[in-house]
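The structure appears below as structure tokens.
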Amino acid sequence: MNRPPASPPPADRVTAWLRHRLGRAVVLSYVAALLLPGPGLWLRSDHTVPIGTVTGLPLSTAPLLLSLVLFSAGLQVPVRELGRLLRKPTALLAGMVLHLVIPLLVIPVVAFGLHRTPDSDGGSGLITAMILIVAMPVAAGATVWTGKGDGDQPTMVGLVLASTVLSPLTIPLVITTLVPLLDESYADTLATTGRTANGGFALVTVVLPCAVGILLRLALPTTWLNRALRVIVPVALAGSLVLTYVNASGALSSFLAHPRPLLFAAALAVAALVCLLSFALGRTAARLLHLDGPVSSSLTLACGMNNSSASAVLITTTLPDKPHLLLPVLAYGLLQKTAASRVVQAAGRRHPPCPASP
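What follows is the structure, encoded as structure tokens:
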């Protein structure tokens, strides 16, 4: 007699429920930041945890939440599946080259258009925010979209890992190269931010948590690893929503205090343009390289999906006096998920799943 399949553990059901509704949950985080920004603003500021009676441990919520999300991503990386990618590294090398080249192609186009607007600083604030987005490594969440569609998971995992490991070098390089596009005040600001990224932000907040997660995955027995994943993954998903709420609270509270509809519209338009061009260049490169369908889909997603949470945390920690720079970052975060959904749907139409065998 055939036994009915065992139902998944409650923790797995919670994780699946969260992932299935993640897009709506992000929107709700934005709404919560709009209606109740107070707790988010409190979390956004630095705090000190007392140690003894004399000293205290400084604590910043946003970098801590980002580290949790990236640690969880590292813990889920199927490292042993990367062997095939290393034997055929075309997609990996192309993705890393595009990760550096696309910002150098897209941002000057945006800057050229903004310099001809009546804005007093030639749109330097918006350009600064977009530079800090496109300089970041490939978003770990891109692996989720690859799993939803017809993408090649080892290719995507390799691109996320490679861009993350190299981020202490690539982030300052992209920032330094594009600084001349800004006016003097924002150029100084971005240069300072670049030195912060080079001085430890990328290494401590981005690379180290991901590396610890990968090493822990390799070290733990399978049973322990499964137990750890059932706890850490839903906690990290919830942490990513709290991080979204914290970042949105800083941007939207500033906007409500000093409404600037033109700035909001410009932020949305610029984010949409950069997102569209990044995905389009990734798709064009995949076609020119004659990559097969799943690898092409993963490369396209990797080119358009940057870690906007990391750029928001970098702005929050290094530019707390410029919360308006978070507006295009938040817009890009939503738009890249929308574009990723379109890429996944298009890939599904081109390569429908085969019918199950009887």
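So the sequence shown is residues 908 to 1265, counted in the working numbering. Glycine residues also receive a C-beta, built at the ideal position from the N, C-alpha and C atoms.
Residue i: first and last residue of the uninterrupted alpha helix (DSSP H) it sits in
i, result
"L1011", "T997 to L1021"
"F1108", "Run containing F1108: none; DSSP gives neither H nor E here."
"G1048", "No alpha helix (DSSP H) holds G1048; DSSP gives it neither H nor E."
"L1089", "Element bounds for L1089: n/a, residue is neither H nor E."
"L1169", "P1168 to L1195"
"A1126", "L1115 to A1126"
"P1061", "Q1060 to V1072"
"P1227", "Neither: P1227 is in no alpha helix (DSSP H) and is coded neither H nor E."
"G1030", "Note, G1030: premise wrong, no alpha helix (DSSP H); not H, not E."
"L992", "G990 to R994"
Where residue i sits in the DSSP three-state scheme
i, result
"H954", "strand"
"L966", "strand"
"N1214", "coil"
"Q983", "coil"
"K1244", "helix"
"M1043", "coil"
"P1201", "helix"
"L943", "coil"
"H1165", "coil"
Straight-line Cα distance separating residue j from residue i
i, j, result
"L1206", "V1051", "14 Å"
"G945", "G990", "48 Å"
"H1022", "V1181", "16 Å"
"T1062", "G1002", "9 Å"
"S1161", "T1077", "31 Å"
"P1265", "L1125", "Its pLDDT being 39, under 50, P1265 is placed unreliably in this model, and the value from its coordinates should be taken loosely. Each residue's Cα considered, the two are about 38 Å apart."
"L1170", "K1229", "13 Å"
"A1178", "A1069", "25 Å"
"L1195", "T968", "43 Å"
"V986", "P1075", "21 Å"
"A1143", "L1110", "20 Å"
"L942", "S1147", "19 Å"
"S936", "N1154", "10 Å"
"H1165", "L1159", "10 Å"
"T1191", "L1039", "24 Å"
Residue i classed as buried or exposed, judged by whether at least 16 other C-beta atoms fall within 10 angstroms
i, result
"G930", "exposed"
"G1048", "buried"
"D1059", "buried"
"A1263", "Unreliable placement is indicated for A1263, whose pLDDT of 39 sits below 50; no coordinate value is reported for it."
"K1244", "buried"
"G1020", "exposed"
"V934", "exposed"
Reference residue i; option with closest CA among the options
i, options, result
"A932", "T1100, L1241 and A1118", "L1241"
"S1156", "L935, A923, V934 and L948", "L948"
"M1037", "L1088, L1005, L971 and D1059", "L1088"
"P1010", "N1133, V1149, T1084 and A939", "T1084"
"A1176", "P996, L1234 and L1080", "L1234"
"T1224", "R951, R920 and L941", "R951"
"V1140", "L943, L942, L972 and H954", "L972"
"A940", "V1041, L1163, V1081 and I1034", "L1163"
"F1108", "A923, P1227 and S1218", "S1218"
"A1193", "V1004, V1013 and D953", "V1004"
"G1032", "A1018, V1045 and V1041", "A1018"
"A980", "L1000, G1120 and R1134", "G1120"
Any chain D beta carbon closer than 8 Å to residue i
i, result
"R1167", "The structure shown contains no chain D, having only a single protein chain."
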